[in-house]
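First up is the structure itself, then whatever we jot down about it.
Numbering (the numbering used here), first residue to last: 15 to 88.
Structure representation (structure tokens):
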């Protein structure tokens, strides 16, 4: 595990999730770009299975009316 691979870690100011900005090797928020992409794809797959009316409600509330889960790739 390399802290530089974590999507939440920045060299200039450390972790953007933790308030103390220090990373540890056993951080429960550690996530690589590949893991993040896979996680988003799982969530989008769930969204695609929802009824259109529910998808619309979610898109209006959280995505400014857009439905990124309807695109082919994340």
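All C-beta atoms in this analysis are idealised placements derived from N, C-alpha and C, irrespective of residue type, glycine included.
Note that this is a predicted model, so its numbers are computed, not measured.
Quick one, which of 62, 18, 48 has its alpha-carbon nearest residue 36's?
18
Separation of residue 25 from residue 80, as counted between CA atoms
32 Å
Have a look at residue 23 and residue 68 and give me their C-alpha separation to the nearest angstrom.
34 Å
Residues sharing a beta bridge with residue 24, DSSP
28
With DSSP collapsed to three states, give me the class of residue 42.
coil
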